[in-house]
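Input: a single structure, listed below in structure tokens.
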Amino acid sequence: MDLGLRGKVAIVGGASQGIGFAIARLLAAEGADVAMVARRAEPLAQAVSRVVEQNGGRALAVAADIRSAADCERIVATAHAHFRRLDILVNNDGAPPLGLLAEFDDAAWQRAIEQNLMSVVRLSRHALPHLRAAGGGRIVNITALSVLQPIAKFGLSVATWAGVVGYAKTLSLEVAADRITVNTVCPGRIATGRLEKVFGSGAGAPALDENALADMTASIPLGRFGTPDEIAGLVAFLASPWGAYITGATFHIDGGRGASLT
Ligand SMILES: NC(=O)c1ccc[n+]([C@@H]2O[C@H](COP(=O)([O-])OP(=O)(O)OC[C@H]3O[C@@H](n4cnc5c(N)ncnc54)[C@H](OP(=O)(O)O)[C@@H]3O)[C@@H](O)[C@H]2O)c1
Numbered sequence: 001m002d003l004g005l006r007g008k009v010a011i012v013g014g015a016s017q018g019i020g021f022a023i024a025r026l027l028a029a030e031g032a033d034v035a036m037v038a039r040r041a042e043p044l045a046q047a048v049s050r051v052v053e054q055n056g057g058r059a060l061a062v063a064a065d066i067r068s069a070a071d072c073e074r075i076v077a078t079a080h081a082h083f084r085r086l087d088i089l090v091n092n093d094g095a096p097p098l099g100l101l102a103e104f105d106d107a108a109w110q111r112a113i114e115q116n117l118m119s120v121v122r123l124s125r126h127a128l129p130h131l132r133a134a135g136g137g138r139i140v141n142i143t144a145l146s147v148l149q150p151i152a153k154f155g156l157s158v159a160t161w162a163g164v165v166g167y168a169k170t171l172s173l174e175v176a177a178d179r180i181t182v183n184t185v186c187p188g189r190i191a192t193g194r195l196e197k198v199f200g201s202g203a204g205a206p207a208l209d210e211n212a213l214a215d216m217t218a219s220i221p222l223g224r225f226g227t228p229d230e231i232a233g234l235v236a237f238l239a240s241p242w243g244a245y246i247t248g249a250t251f252h253i254d255g256g257r258g259a260s261l262t
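First residue of the sequence shown? That's 1 in our numbering, and the numbers climb one at a time after it.
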């Protein structure tokens with residue numbers, strides 16, 4: 001199946017590893033040019049090289065911190081200046097720290113809002129004129145299953161990404177006439193380095209032990225963690241002409257773990 005992405009230009013956040021890298025690689029494999037974003041320049045440069053080597057396409061590294069308003073503006077401007085158009089924006093990155101809500105101060109909340117919500121607001125706002133100029137476009141936000149099924153200690157992400165879901169639904173109404181779609185993807189447990197960071201015992205401590213892994217796996221009806229490529233597949237479909245009639249939607253992709261009828 002040709003996704004029809006040849007000649008399209010995408011910005012993909014958090015693209016030096018994990019889910020963002022898989023999305024950038026798949027979009028590039030389908031013929032899109034990709035601006036790949038992350039903070040650390042060296043791993044990002046290596047990721048860009050891997051995408052170019054594997055696909056022979058064009059990829060651009062944009063080292064930036066999406067918590068910064070100026071960086072959000074620079075990401076879109078740099079990608080557009082390089083590729084001369086923009087069709088797809090994938091909002092993806094890391095996430096705020098875990099902890100009890102009662103223990104986060106205003107500064108922690110502010111950082112979480114900048115990271116999870118304002119980055120989406122700013123990058124989308126800067127991207128929209130270019131998407132309109134291209135005759136239509138796609139915005140896909142990566143959040144987490146916990147937005148639909150909150151988990152204790154994930155509250156900073158749950159609260160701020162719930163804002164993203166509301167933002168995305170509203171924006172989808174406002175830009176539909178411009179043939180721009182806006183959707184949100186909520187991954188369950190996906191095998192990336194992040195899982196170790198989130199569920200491991202912390203810096204310098206032993207990795208996730210076998211019992212913890214077995215317990216986590218047992219909570220997933222399909223009996224395994226997802227792969228970054230399985231998230232990338234849905235994102236690429238939504239970003240493609242095949243997804244043209246899907247907008248304002250929120251998808252959980254979680255091996256059946258989400259316990260809800262929607
Ligand atoms: N893995 C899972 O099971 C899972 C499940 C549900 C939701 N998610 C969500 O999906 C997203 C991606 O997860 P992942 O597992 O792929 O994470 P990951 O492997 O930790 O990758 C995160 C990527 O984002 C970049 N990044 C982090 N903070 C950034 C910032 N402030 N500005 C720009 N780039 C930033 C990182 O590079 P630098 O550090 O160099 O910036 C890296 O490229 C996260 O929001 C995560 O919470 C993941």
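Glycine included, each C-beta is placed from N, C-alpha and C at the ideal position. Since this is a predicted model, take the numbers as computed values, not measurements.
{"Item": "Under 6 Å Cβ to Cβ from V9, same chain only, skipping five residues before and after it: list those, please.", "Value": "D33, F83, R85, L86, D87"}
{"Item": "Rounded to whole angstroms, what is the Cα-Cα separation between S219 and V147?", "Value": "17 Å"}
{"Item": "How about E30 and D2: do their beta carbons lie closer than 9 Å?", "Value": "yes"}
{"Item": "How far does the beta strand (DSSP E) with F83 in it reach, from first residue to last?", "Value": "Looking at the DSSP string, F83 is not in any beta strand (DSSP E); the run it does join, the alpha helix (DSSP H), is 69–83."}
{"Item": "If we ignore side chains and look at the alpha-carbon of each, how far apart do A38 and A64 end up?", "Value": "6 Å"}
{"Item": "Using alpha carbons as the reference points, say which of A212, A28, V51, L123 lies closest to L5.", "Value": "A28"}
{"Item": "So, are the CB atoms of L156 and P241 less than 9 Å apart?", "Value": "no"}
{"Item": "Can you find a heavy atom of ligand 1 that lies under 8 Å from the Cβ of D251?", "Value": "First, the amino acid is wrong: residue 251 is Phe here, not Asp. The answer is no for F251."}
{"Item": "The beta strand (DSSP E) with F21 in it runs from where to where?", "Value": "F21 -> not in any beta strand (DSSP E); alpha helix (DSSP H) instead, spanning 18–29."}
{"Item": "For A59, tell me which candidate among A45, G135, G163 has the shortest Cα-Cα distance.", "Value": "A45"}
{"Item": "Report the option in R194, N141, E210, N55 whose CA atom is closest to the CA atom of G226.", "Value": "R194"}
{"Item": "Pop quiz: A22 and A232 are said to be a contact at Cβ under 8 Å. What is the actual Cβ separation, rounded to whole angstroms?", "Value": "4 Å"}
{"Item": "Quick check on A127 - is its C-beta less than 9 Å from some C-beta in chain C?", "Value": "Checking the listed chains, one finds no chain C in this structure; it contains a single protein chain."}
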